[in-house]
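A.B. asks:
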Amino acid sequence: MLHEGQISKEEQPLASPSSSNSNDNLDGGGVRVTCFSEAINDVPIHFQIICLSKQIYIWIGCNSAKFGNLYAAAPTRPNNTVSVTSLLGGSSDNTGSSMARRLVLKTGLNIILASNIPKNSPMIEVAAEKVLVQKLVTLGYIRPKSEGLNARTLEDDISEHTAYQGTPGFYFTSILLRY
Numbered sequence: 001m002l003h004e005g006q007i008s009k010e011e012q013p014l015a016s017p018s019s020s021n022s023n024d025n026l027d028g029g030g031v032r033v034t035c036f037s038e039a040i041n042d043v044p045i046h047f048q049i050i051c052l053s054k055q056i057y058i059w060i061g062c063n064s065a066k067f068g069n070l071y072a073a074a075p076t077r078p079n080n081t082v083s084v085t086s087l088l089g090g091s092s093d094n095t096g097s098s099m100a101r102r103l104v105l106k107t108g109l110n111i112i113l114a115s116n117i118p119k120n121s122p123m124i125e126v127a128a129e130k131v132l133v134q135k136l137v138t139l140g141y142i143r144p145k146s147e148g149l150n151a152r153t154l155e156d157d158i159s160e161h162t163a164y165q166g167t168p169g170f171y172f173t174s175i176l177l178r179y
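When we follow full-length UniProt numbering, the leftmost residue of the sequence shown carries the number 1, and every step to the right adds one.
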């Protein structure tokens, strides 16, 4: 069933015949390709999502099939942050890089994002990201907040510090400043 404003929807699992939406299907080398279009503020926005076992490639296009700016984002350790870089066009302060960063935080996977949304259209950018996140939820790639990269609690930090230092001591104050 198509949602209001949705133009088309197509999902093609490749090399993975199972119809389940969990990431477990993709461990055998399967690739899931999902293409759909959505009318946002009377502007057709096209999406292509290619899901691999530990990475998601996303293309978002507006008014044409041009590639647009390309960003790569990945979770980093040990401080559970996200690193983002612009591979083609754009800059690191562009909306595409921010979107890629947020997608890594939500999925926990490496994200390659190609975005061809006009720079002067912030409402379209926000709506496109919302549609994309909803689709990733239905595909099963958005993790619950309790499993996200920022799921560490104050108790986790204190117990980790205590294990290394023997007592929370002075660093307790610096840990509290993070929260």
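Where is the CB? At the ideal position from N, CA and C, for every residue including glycine.
Note that this is a predicted model, so its numbers are computed, not measured.
Using only alpha-carbon positions, find the residue among VAL43, TYR57, THR76, GLY108 that is nearest to ILE117.
C.D. replies: That would be VAL43, whose Cα lies nearest to the Cα of ILE117.
A.B. asks: Could you give the uninterrupted runs of the beta strand (DSSP E) lying entirely in the segment 67 to 98, keeping only those of 3 residues or more?
C.D. replies: Here the runs fully enclosed are 69 to 76, 81 to 88.
A.B. asks: Between the C-alpha atoms of VAL131 and ASN41, what's the straight-line distance to the nearest angstrom?
C.D. replies: Roughly 13 angstroms between the two C-alpha positions.
A.B. asks: On the three-state DSSP scale, how would you describe ALA100?
C.D. replies: Note: ALA100 maps to helix in three-state DSSP.
A.B. asks: How big is the Cα-Cα spacing for ILE158 and PRO78?
C.D. replies: Residue placement at ILE158 is flagged as unreliable, the pLDDT there being 46, under the threshold of 50; a coordinate-derived value is accordingly withheld.
A.B. asks: Whole-angstrom Cβ separation of THR34 and LYS106, contact assumed at under 8 angstroms?
C.D. replies: Wrong, their Cβ atoms sit about 16 angstroms apart, outside the cutoff.
A.B. asks: Do you know how far the Cα of ALA39 is from the Cα of ILE101?
C.D. replies: Ile is not the amino acid found at residue 101; the sequence shown has Arg there. So the alpha carbons of these two residues sit roughly 25 angstroms apart.
A.B. asks: Mind checking which residues open and close the alpha helix (DSSP H) that includes ALA127?
C.D. replies: Where ALA127 is concerned, the enclosing alpha helix (DSSP H) stretches over 122 to 139.
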